[in-house]
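A quick write-up on the structure given underneath.
In the working numbering, the protein residues as written are 642 to 842.
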């Protein structure tokens, strides 16, 4: 077995062990491949126990909006509460998924950094293609800003203003803004608050 294969096997074992503890981990850019894996893991854990909480740990610079929305919709599709934990960096789509966790169960570690901004889109092609892409970009922007406002309790106008440029938050600032519900230093603080597990309202 070569070194690369050994590392892949180790990674697989780690993620399998985490799944047994009902922990899903997003530790990279949000892409179709890992979004599909996370959606599958959420569906699997929900099928195994439709009431117990699932913990989604996030350390991500963001990435594909479509891939992120697939995760978001799956979080809401299953009956379980999905608690979110921001660690390291939760930026862009990582920030969106963090604030979209079950109300009261959105956590940040003390030194996590959170960054919010508007979705960006690289447009190219013919003039008609660019027009269509611009319309889609405006639609996606509105959807995301509306949802962030809903999850944080901020007004759409405030979120729109704050997201116009990169807006950085410390863990405590994210708490004040409504992106998370609590800053935790240990897993026990989050897990204890997640018990007893219950279905969404």
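Each residue gets a CB set at the ideal place from its N, CA and C atoms; glycine is no exception.
All of these numbers come straight from a predicted model, not from anything done at the bench.
The three-state reading of DSSP puts residue 812 in helix, counting H, G and I together. Rounded to the nearest whole angstrom, the C-alpha separation of residue 708 and residue 731 is 16 Å. Per DSSP, reduced to three states, the secondary structure at residue 782 is helical. Around the C-beta of residue 818, 16 or more other C-beta atoms lie within 10 Å, and the residue is accordingly described as buried.
Using a 10 angstroms sphere on the CB of residue 747, the tally of other CB atoms reaches 16 or more, which defines it as buried. Apart from the 5 residues on each side of it in sequence, residue 804 sits with its Cβ closer than 6 Å to the Cβ of 757, 758, 759 in its chain, given in chain order. Looking at the DSSP output, residue 656 sits in no beta bridge, so it has no partner there. The Cβ atoms of residue 753 and residue 713 do not sit closer than 7 Å to each other.
In the DSSP assignment, residue 709 falls within the alpha helix (DSSP H) that extends over 706-718. Rounded to the nearest whole angstrom, the CA to CA distance from residue 802 to residue 654 is 44 Å.
Taken atom to atom, the span from the alpha-carbon of residue 697 to that of residue 679 is near 9 Å. Less than 7 Å separates the beta-carbon of residue 822 from that of residue 745.
Per DSSP, the continuous alpha helix (DSSP H) segment holding residue 739 begins and ends at 734-740. Around the beta carbon of residue 677, fewer than 16 other beta carbons lie within 10 angstroms, which makes this residue exposed.
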